[in-house]
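Going by my numbering, the sequence shown runs without a break in its numbering and finishes at 280.
All C-beta atoms in this analysis are idealised placements derived from N, C-alpha and C, irrespective of residue type, glycine included.
Just so you know, these numbers come straight off a predicted model, no measurement behind them.
See structure below.
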Amino acid sequence: MENKSQYTVIVSDRARQMLTGHIRFWVQKSPPAAREVKNSLMDAIRSLYQMPERYPFLNAEFIPPNKYHKMFVEKWYLLLYQIKDRMVYVDYIIDCRQDYGWLIQQTF
173 MENKSQYTVI
183 VSDRARQMLT
193 GHIRFWVQKS
203 PPAAREVKNS
213 LMDAIRSLYQ
223 MPERYPFLNA
233 EFIPPNKYHK
243 MFVEKWYLLL
253 YQIKDRMVYV
263 DYIIDCRQDY
273 GWLIQQTF
C-alpha cells in the first residue's frame, strides 16, 4: 500500500554545515548535550517526510511571502525549509540565540 502523503526531504549543503557548526559548539560544552541536540534536530528533519505543511510560513521583511516554512526545534533552533511538489528542501538550521539578520540581507 503506497502512502501518498510522504515527501522526500533534502538537506542543503549549507544546512548540513550549519548543523555541523551547532554540534561542534555543543561538543565543546557537553558531549551528552551535543548528542541530544543532534538527535532532536535530526528527528525534526526526518519528521518532515509527512505533512511538512503543518508548520507556518516565515513572515519577515525582505523574504518573499509563503517561501519558507519555519519549525522551531529544542529551545533555540529554527529550521527553514521550502516545499516544492513532493520535495522538502531544508535550507537553513539557525541558532536563534545568534543574530541572523545576515540571512535576510545576504539571501534575499
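- Pairing D257 with R226, the inter-Cα distance amounts to about 15 Å.
- Counting only the Cα atoms, N238 lies some 34 Å from A205.
- If the five residues before and after V209 are omitted, its C-beta is found closer than 7 Å to the C-beta atoms of H194, I195, W198, E246, all from its own chain and listed in chain order.
- Taking C-beta separations shorter than 8 Å and ignoring five residues to either side along the sequence, the partners of L213 in its chain run L191, H194, V245, E246, Y249, L251, I265, following chain order.
- Taking every protein chain shown into account, the CB of M259 has fewer than 16 other CB atoms within 10 angstroms, so this residue is exposed.
- Per DSSP, the unbroken alpha helix (DSSP H) holding L213 starts and ends at 203-219.
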